[in-house]
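Everything on this sheet refers to the single structure shown next.
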Amino acid sequence: MLSLAEISDRLEIQQLLIDYSSAIDRRRFDDLDHVFTPDAYIDYRAMGGIDGHFPEVKRWLAEVLPNFPAYAHMLGNFDVRITGDTASSRTICFNPMVLPGAAQAESPAPPTAQVLFCGLWYEDEFVRTTDGWRMSRRVETKCFDKVV
């Protein structure tokens, strides 16, 4: 049986995963400062991105993602494992992205827009800090992608 402390830790980590997706989808990249440790390692190469430490990757996200008219992260199958002040998780993400060049001013996703459907796993590591749980490592593992 889970203790109240472990239930609380799991919910806090799950919320951190949601906070990441919300920051990305709302294009509020500074909100990621409350998700990652300053020295977090992030690897987006499996889905065509870069890898590096948080400050570099945050700058890259802020440069690249505004080129996509719309996208949305949907998370599920939260598998969180906690060991003291560290934790790991594996979470599935379905992320449809409207491709650049397809949008018109009156609509972020016109009927002719192409959409890249991305399926991936987030393999994450966390550390408990004085400010709560923070992500110290994120690696994407590709499941599929398909342009429609």
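If you count the sequence shown from 1, position 52 lands on 117 in the working numbering, and the numbers rise without skipping. Where a beta carbon is used, it is the ideal one built from N, C-alpha and C, also for glycine. Please read all numbers here as calculations on a predicted model, not as lab measurements.
CB-CB length for residue i against residue j, believed under 8 Å
i: residue 154; j: residue 145; result: 5 Å
i: residue 159; j: residue 139; result: 5 Å
i: residue 129; j: residue 179; result: Not quite, the Cβ-Cβ distance comes to about 17 Å (not below 8 Å), so this is no contact.
i: residue 187; j: residue 156; result: 5 Å
i: residue 105; j: residue 193; result: About 14 Å; that fails the 8 Å criterion.
For residue i: DSSP bridge partner residues
i: residue 118; result: 106
i: residue 144; result: 155
i: residue 199; result: 192
i: residue 180; result: 163
i: residue 209; result: 184
i: residue 101; result: 200
Separation of residue j from residue i, as counted between CA atoms
i: residue 166; j: residue 135; result: 11 Å
i: residue 80; j: residue 200; result: 12 Å
i: residue 125; j: residue 152; result: 26 Å
i: residue 99; j: residue 83; result: 12 Å
i: residue 132; j: residue 90; result: 13 Å
i: residue 70; j: residue 96; result: 26 Å
Collapsed DSSP secondary structure at residue i in the structure displayed
i: residue 94; result: helix
i: residue 161; result: strand
i: residue 150; result: coil
i: residue 127; result: helix
i: residue 139; result: strand
i: residue 185; result: strand
Closer than 6 Å: residue i CB and nearest the ligand PLP heavy atom
i: residue 123; result: This structure does not include the ligand PLP; it has no bound ligands of any sort.
Short CB-CB distance (under 7 Å) between residue i and chain C
i: residue 191; result: Of the chains in the structure shown, none is chain C; there is only one protein chain.
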